[in-house]
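So the structure is just underneath, and the comments pick up after that.
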Amino acid sequence: MMYQNESVYVRVHERTERTFSFHASRSLLANNSIDALVSNYIGSSSSSQPLLSSSSSYVDSASSKPQVYNLDAPLPFLGSVESQSTHPRLLEYKRQSNARNTNSTNGHYASFNYNPSNYLAASNPQGYFAAENFLHIYRPDTQFIDEANDVQEFVKEAFRATTGEELPPHIKITVCNEEKFKLLHTSKGGKWSKGIQGFSVHLTKEIVIKQNKLDVVMLVIGHELGHVLSHPLGNMHDEEAKAFAFELEWLNSIKKHNIANLADNINIDFQPANNGLHDVAFNFVKKLVSAGKRAMDVFNGLISGDVSMQTSLVEY
10 MMYQNESVYV RVHERTERTF SFHASRSLLA NNSIDALVSN YIGSSSSSQP
60 LLSSSSSYVD SASSKPQVYN LDAPLPFLGS VESQSTHPRL LEYKRQSNAR
110 NTNSTNGHYA SFNYNPSNYL AASNPQGYFA AENFLHIYRP DTQFIDEAND
160 VQEFVKEAFR ATTGEELPPH IKITVCNEEK FKLLHTSKGG KWSKGIQGFS
210 VHLTKEIVIK QNKLDVVMLV IGHELGHVLS HPLGNMHDEE AKAFAFELEW
260 LNSIKKHNIA NLADNINIDF QPANNGLHDV AFNFVKKLVS AGKRAMDVFN
310 GLISGDVSMQ TSLVEY
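Residue numbering for the sequence shown follows our numbering, starting at 10 and increasing by one per position.
Here's what the structure looks like:
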């Protein structure tokens, strides 16, 4: 939740992976819990289907209700003969995306979680099979990292190899035990889950990582750096693509230069699960890299707006 002037932009992610957004006044929030507001909001919906599903992200034109898009889902489907620049559905999507950007990111506060459960593939309805991101299942063991000082020099070396520059001193990286990690995460307004390995906050340029093995910690730091090295982008797909692009360049550099002796641990061919966000964002980056672009060029292009999943003709 984030405050902007006298309006509060409330964004809810349910465990069912349903996402919806609405606005409420400060006074309304002061007198009601978020759960109560959400309950009333859902109850007022005339639809029994998820309000903003990616498969039906707009209301039929015959309806009197305005079209409402899930701005974190893929673009509205447009037939191959329809204009990708002037079609009314795409224009309305962009208008809502710009409005969301104005309401939610101009304050430069955004927090992103690095949670392996976001990347898991369901093995059955009761459970998941988990594999570490970008790391080989069978790989050399690495030391356990207790605090940021244990990994500081490796991070600086990897950053230089990735960007050709020094790590900005205003970026604060913390590595802590699960108890402190949970406390910091919830204090930033995050919803706790044991699977979360790291998170970042744009406003303060903070990266917080849970204690883990060296290869996992380096991987998570690379992803979170991809978030905080620029302003938050206007939609979640571009933001995740930006983080993946930097992470991919980061891991390529670690592998190429064998930083921290992790070359044999890195698995660049990792494929996120089909959850509609991370797999789509990563595949977008991977397609561009396969076509000859450097991952860092994709990263910079997303920041400048020259590259965007909203307007790209790349199939992903």
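All residues carry an ideal CB built from backbone N, CA and C; glycine is no exception. Bear in mind that the values here come from a model prediction, so they are computed numbers and not experimental data.
Between the alpha carbons of ASP150 and LYS191 lies a gap of roughly 26 Å. Excluding five sequence positions before and after ALA250, the CB atoms of its chain that fall closer than 7 Å to its own CB belong to ALA290, PHE293, VAL294, LEU311 and MET318, given in chain order. The C-alpha of VAL210 is placed about 27 Å away from the C-alpha of LEU297. Here the region 241-250 does not lie against the region 221-231, with fewer than 3 beta-carbon pairs under 8 Å apart.
Distances from the alpha-carbon of ILE154 to those of GLU162, LEU234 and TRP259 put GLU162 closest.
Comparing alpha carbon positions, the residue from GLY301, ASP224, GLU256 and ASP315 closest to GLN152 is ASP224. Residue burial is scored here from C-beta neighbours: ASN270 has fewer than 16 other C-beta atoms within 10 angstroms and is therefore classed as exposed.
The C-beta distance from LEU242 to PHE255 rounds to 12 Å, too long to fall under 8 Å, and the pair is not in contact. Secondary structure of LYS214 (DSSP, three-state): coil.
Taking a 10 Å sphere around the C-beta of GLU258, we find 16 or more other C-beta atoms and assign the residue as buried. One alpha carbon belongs to VAL164, the other to GLU174, and they sit about 12 Å apart. No Cβ-Cβ contact shorter than 9 Å links ALA300 with ILE218. Distance from HIS145 to ASN261 at the Cβ level is roughly 15 Å; contact not present, criterion being Cβ atoms closer than 8 Å. Under the three-state reduction of DSSP, THR172 is assigned to helix.
No Cβ-Cβ contact shorter than 9 Å links HIS232 with GLU166. THR183 is bridged by DSSP to VAL217.
Judged by DSSP secondary structure, GLU249 falls within the alpha helix (DSSP H) whose first and last residues are 245-266. The DSSP-derived three-state label of SER196 is helix. Selection ARG169, HIS179, ASP306 and GLY314 evaluated against VAL237 yields HIS179 as nearest (Cα-Cα). Taking 9 Å as the cut-off, the beta carbon of GLY207 is found closer than this to the beta carbon of ILE216. A direct Cα-Cα distance of roughly 12 Å separates ASN309 from PHE253.
Here DSSP, grouped into helix, strand and coil, assigns ILE312 to helix. Here the C-alpha atom of TRP201 lies approximately 10 Å from the C-alpha atom of LEU193. With a threshold of 16 other beta carbon atoms within 10 Å, ALA272 falls short and is exposed.
Between the C-alpha atoms of LYS181 and LEU212 there is a straight-line separation of about 12 Å. Excluding sequence positions up to five before and after LEU176, its CB lies within less than 7 Å of the CB of VAL164, LYS165 and PHE168, all in the same chain and listed in chain order. VAL307 and ASN276 have their C-alpha atoms some 20 Å from each other. An exposed status is given to THR195, since fewer than 16 other beta-carbon atoms sit within 10 Å of its beta-carbon. Looking at the DSSP output, LYS222 sits in a beta bridge with PHE153.
Burial check for THR171: the Cβ neighbour count within 10 Å reaches 16 or more, so the residue is buried.
Annotation for LYS264: ALA272 and ILE275 place their beta carbon closer than 6 Å to its own, counting only its chain and skipping 5 residues before and after.
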